[in-house]
Amino acid sequence: MTFINYASREINCKLVYYGPGLGGKTTNLQYIYEKTNPDAKGKLISLATETDRTLFFDFLPLELGTIRGFRTRFHLYTVPGQVFYDASRKLILKGCDGVIFVADSQEARMDANVESLKNLVDNLKSAGYDLKTMAYVLQLNKRDLPTALPVDEMTKVLRYKDEEIFEGVAVKGTGVFETLKALAKLVLVELKKAK
Amino acid sequence: MPLADTVMYEEEFRQIQEVLGRLRQESNARAAFLIDRNGQQIAANGENLESMDSTSLASLTAGNVASTDALAKLIGEKEFSILFHEGEKDNLHISIVGGKIIMVILFDERSSLGLVRLRVRKATVELNAVFEAINRKQEEDRAKGGTAESPFAEITDADIDSLFSS
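Quick mapping for you: the protein sequence lines, in order, are chains V and D.
Okay, so the first sequence: first residue is 118 according to my numbering, each after it adds one.
Okay, so the second sequence: first residue is 186 according to my numbering, each after it adds one.
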């Protein structure tokens, strides 16, 4: 749910990183945080456990610049990936404008990817959204690991519609900004269509 | 899109700022914020606002309210309408306006919970009226087939690309 403020000439969009636990959602955000100009970003907030597992969400506000005189801000959120945090994931999805699914390329995590994607579809549905019509991109993360499955094999299982797919190594930053850009574009194009 | 976008217009924004400013003065509070349930700040009024990370405040408050709401439903309550966080020096009073908007009051020993509650109640009535007016305007706009002055109707691919050029 985009928030357009005509008075302060601002537009705010909410983007959510979804995916199985330990897949690299928080790492994506950390990389964006590290590489962004200090003027363009706010604080990175991580509500995590003592062992650095996401407990509720990570949050990073980004200001990208102006479009037609409107300051364009993206609020990036991650969900906690672990299965038992489902109630929290539902809360974070509320009002989101677009979703990035961060899949773990390791063969052993394919079941977790599939389960998490199904969970995304279900949770979106209960919030009144349909992933089929929503701004959505897929990131295949951890491409550098020796146990990574081939891209086409993962695509066959995880592609939900005609979404763009990016290969990533989030710890090194590979594909991180490409994925974010692609989603941000989709969200802005969606805004254009909505009016 | 299943949910309508939130839109804020100049006139209503001014009214909201007025109500918030008065609320802050009358309650002797340090700051007053309005935030939508998704964690976007709508308006703010207070001392030294620049020194405060109001973006983080907004998103954490929204997360706080969302999880408290879910807790309420879990035990069969409709909602917990007021949240109060008491600190050594500063306190936060969080309440809901018109079911949709979160109001946060930051206050210290110059005020009291009783005074804040009293003033919040009064301001809530005023703000409800403003938000109803915004809803009406938005519906009228939608009936007309969209806001004439929408900044995104004529957005081009080049505009979008330029955001990412730096």
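From the three backbone atoms N, C-alpha and C, an ideal C-beta is built for every residue, glycine too.
Cβ of residue i within 8 Å of any chain D Cβ
i, result
"V/LEU210", "no"
"V/TYR123", "yes"
"V/GLY159", "yes"
"V/LYS242", "no"
"V/LEU308", "yes"
"V/PRO178", "yes"
"V/ASN129", "yes"
Residues of its chain near residue i, where Cβ-Cβ distance is below 6 Å and the 5 sequence neighbours each way are ignored
i, result
"V/ARG188", "GLU127"
"V/ALA299", "VAL254 and GLU281"
"D/ALA216", "GLY231 and LEU291"
"V/ASP373", "A query on residue 373 of chain V cannot be resolved here, the shown segment of chain V reaching from 118 to 312 and no further."
Any C-beta of chain V under 8 Å from that of residue i
i, result
"D/MET237", "no"
"D/GLU195", "yes"
"D/LEU245", "yes"
"D/GLY261", "no"
"D/GLY231", "no"
"D/THR240", "yes"
"D/ILE150", "Nothing can be reported for residue 150 of chain D: it is not among the residues displayed for chain D, which extend from 186 to 351."
"D/LEU291", "no"
"D/ILE340", "yes"
"D/PHE265", "no"
"D/GLY248", "yes"
"D/PHE337", "yes"
"D/PHE198", "yes"
Residue i: first and last residue of the uninterrupted alpha helix (DSSP H) it sits in
i, result
"D/ARG207", "195–211"
"V/GLU151", "142–152"
"D/GLU325", "298–328"
"V/THR272", "268–275"
Closer than 7 Å at the beta carbon, the chain D residues around residue i
i, result
"V/GLY285", "Correct list: empty, because the minimum Cβ distance to chain D is about 17 Å."
First through last residue of the beta strand (DSSP E) which encompasses residue i
i, result
"V/THR171", "171–184"
"D/ALA217", "216–221"
"V/ASN129", "127–135"
"D/ILE345", "That residue, D/ILE345, is in no beta strand (DSSP E); its alpha helix (DSSP H) goes 342–348."
"V/ALA204", "Not the beta strand (DSSP E): V/ALA204 falls in the alpha helix (DSSP H), residues 203–210."
"V/THR195", "187–195"
9 Å Cβ cut-off: residues of chain D touching residue i
i, result
"V/ALA204", "SER252, ALA255 and LEU259"
"V/LYS152", "Going along chain D, no residue has its Cβ under 9 Å from V/LYS152, so there is no contact; the nearest lies around 12 Å."
Chain V contact residues for residue i, given Cβ-Cβ distances below 7 Å
i, result
"D/LEU348", "LEU181, GLY182, ILE184 and THR189"
Under 8 Å from the C-beta of residue i: neighbouring residues of chain D
i, result
"V/PHE201", "The premise fails here: V/PHE201 is roughly 14 Å from chain D at the closest Cβ pair, so nothing lies under 8 Å."
Residues from the stretch 293–305 of chain V in contact with chain D, defined by Cβ distance under 7 Å | LYS298, LYS302 and LEU305
Please list the residues of the stretch 203–229 of chain D that have a C-beta atom closer than 9 Å to any C-beta atom in chain V, keeping them in chain order.
-> ASP221, ARG222, ASN223, GLY224, GLN225, GLN226, ILE227 and ALA228
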